Amino acid sequence: MISHRFMRYSCVIVLLSACMVSGSAWAQGAPARPGKDPAIGKWKMDAKKSRFLEPGDRIMAMTRVYSVDGDKVKVWWDARRGAGKASSHTFSARCDGTLEPAYENAQIKCSYRNRSWVDGELIDDSDPAHRYYSRVVAPDGKSMKIIWFSDPERKRLKDVLQ
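In the numbering used here, the protein residues as written are 22 to 183.
This is the structure:
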């Protein structure tokens, strides 16, 4: 009788463990909600840690602010290039894979790869060289990289803003 009871409890424990593991895996792969996005907050680029393939693309300073905008994430940034030219833009996106208006004539399409990683495409005729990107927040939440690629497969690295 003890062995039968032990077998029954063992089966229940194994079943509960399997449910917990599959639930945990599902939660990690689930798209982030705007309020749960680890990028929410203010970020300043470290020019010494950032890398630029073309000298003309070099950014000397950048501040980015991510905030919740309903069911979207709002992004605002101010950048200063090496030549002193400044630019500032803002847009809000759901990051669910749909094409949305960004700023001026630009459009944005992005999607969550996981909670900390967003792959996107910025369609801006004034800057066709910076079209494909990934935004990655470190697991500790203390640093973020915006990685630009020259191809949609994200194999040819272009610039890294950190």
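Glycine included, every Cβ here is placed at the ideal spot set by N, Cα and C.
Here the structure is a predicted model, which means the values were calculated and not measured.
Beta carbon of residue i nearer than 8 Å to that of residue j
i	j	result
residue 96	residue 111	yes
residue 82	residue 68	yes
residue 86	residue 58	no
residue 171	residue 163	no
residue 152	residue 143	yes
residue 79	residue 101	no
residue 146	residue 126	yes
Close-in-space but distant-in-sequence residues of the same chain around residue i (CB under 6 Å, 5 per side omitted)
i	result
residue 157	138 and 166
residue 73	79 and 180
residue 63	86
residue 65	84
Presumed contact (8 Å Cβ cut-off) between residue i and residue j, rounded CB distance
i	j	result
residue 129	residue 141	6 Å
residue 113	residue 99	Not confirmed; about 17 Å, so no contact.
Buried versus exposed call for residue i [16 or more other C-beta atoms within 10 Å across all chains shown]
i	result
residue 107	exposed
residue 182	buried
residue 123	buried
Cβ-based neighbour list, residue i, same chain, cut-off 7 Å, excluding 5 preceding and 5 following
i	result
residue 116	94, 131, 132, 133 and 139
residue 177	170 and 171
Interface flag, residue i vs chain B, CB-CB below 8 Å
i	result
residue 84	No chain B is part of this structure, which consists of one protein chain only.
In chain order, which beta strand (DSSP E) runs of at least 3 residues are fully inside the stretch 70-105? Entirely contained in the stretch 70-105, the beta strand (DSSP E) runs reaching 3 residues are, in chain order, 80-90 and 93-102.
Runs of beta strand (DSSP E) wholly within the stretch 134-168 (minimum 3 residues, chain order): At a cut-off of 3 residues, the continuous stretches assigned as beta strand (DSSP E) that sit fully inside the stretch 134-168 are 138-144 and 153-158.
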